[in-house]
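Chemist:
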Amino acid sequence: MQKKRVVLNYPSHLVDQPIISNLVKEYDLMVNISRARITPREEGRLVLEITGKKAGLDAGFKYLQEMGVRIQPLAQDVKWHDDRCTHCTACTSICPTKALDVDRKEMKVSFLRDKCIACELCIPVCPYQAMEILF
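If you want my numbering, it's the 1-based position in the sequence shown plus 12.
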């Protein structure tokens with residue numbers, strides 16, 4: 013089983029289509045929706061974790077592309093501005109996935125993009141606006 017975290021951008025004419033249920037039924041994929049913003053007659057946007065066999069993932073992503081859904085890795089929508097970070101560690105205790113972690117020896121914060129689920133809990137606690145979600 014493979015797991016991918018992605019952002020899907022829907023053109024306005026697809027927001028009322030059963031695209032996610034087709035991924036589950038037709039390609040045997042498990043879908044966990046972390047975030048969604050879909051409005052009738054506007055572009056839709058979903059943050060998903062999709063799990064399945066490689067063949068199912070490949071076929072599911074091909075289906076999405078054929079439908080006109082733009083797919084991008086989640087990491088492209090999360091930015092850590094390390095130049096703004098003072099390593100105060102305010103963000104590390106709030107991060108549910110430990111994507112923001114601290115090396116206690118050096119007291120330096122690090123950001124692990126592949127663990128981030130774009131929950132945005134870090135944004136209000138960071139006094140230096142070091143985290144940005146482009147969503």
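Heads up, the beta-carbon is just placed ideally off N, CA and C, and yes, glycines get one too.
Are the segment 70-80 and the segment 35-52 in contact at 8 Å, needing three or more beta carbon pairs?
Modeler: Yes: the two stretches touch, three or more of their Cβ pairs being nearer than 8 Å.
Chemist: On a Cα-Cα basis, can you pick out the residue from MET143, GLU54 and CYS100 that is closest to ILE129?
Modeler: Your numbering for residue 129 matches position 117 in the sequence shown. For ILE129, the nearest C-alpha among the options comes from MET143.
Chemist: Taking Cβ to Cβ, would you say ALA102 is nearer than 8 Å to LYS127?
Modeler: By one-based count along the sequence shown, residue 102 stands at place 90. By one-based count along the sequence shown, residue 127 stands at place 115. Contact flag unset, no.
Chemist: By the DSSP assignment, the alpha helix (DSSP H) with LEU26 in it spans what residues?
Modeler: Position 14 of the sequence shown, counting from 1, holds the residue named residue 26. Where LEU26 is concerned, there is no enclosing alpha helix (DSSP H), given that its DSSP letter is neither H nor E.
Chemist: How would you call LEU146, buried or exposed, if buried means at least 16 neighbouring beta carbons within 10 angstroms?
Modeler: Sequence index remark: in the sequence shown, residue 146 carries index 134 (1-based). Exposed is the call here.
Chemist: Whether or not the segment 105-124 and the segment 49-56 are in contact is what I'm after, with contact meaning three or more pairs of Cβ atoms, one per stretch, closer than 8 Å; do they touch?
Modeler: Judged by Cβ distances under 8 Å, the segment 49-56 makes no contact with the segment 105-124, as fewer than three pairs qualify.
Chemist: Which residue spans inside the segment 34-113 form an unbroken alpha helix (DSSP H) run of at least 4?
Modeler: If we require 4 residues or more, the alpha helix (DSSP H) runs fully inside the segment 34-113 come out as 66-79.
Chemist: For ARG125, does the three-state DSSP call read helix, strand or coil?
Modeler: The residue you call residue 125 lines up with position 113 of the sequence shown. Three-state result, ARG125: helix.
Chemist: Could you spell out where the beta strand (DSSP E) holding ARG17 opens and where it closes?
Modeler: Counted from its first residue, the sequence shown places residue 17 at position 5. Start and end: 14-22.
Chemist: CB HIS99 to CB VAL121, shorter than 8 Å?
Modeler: Position 87 of the sequence shown holds residue 99. Position 109 of the sequence shown holds residue 121. Going by C-beta atoms, HIS99 is nearer than 8 Å to VAL121.
Chemist: GLY68 to ASN34, Cα distance in whole Å?
Modeler: Here residue 68 is taken as the residue at index 56 of the sequence shown, counted from 1. Here residue 34 is taken as the residue at index 22 of the sequence shown, counted from 1. So the two alpha carbons sit approximately 12 Å from each other.
Chemist: Taking its Cβ as the centre, do 16 or more other Cβ atoms sit within 10 Å of ILE62, making it buried, or is it exposed?
Modeler: Taking the sequence shown and counting its residues from 1, the one referred to as residue 62 is at position 50. With 16 or more other Cβ atoms within 10 Å, it is buried.
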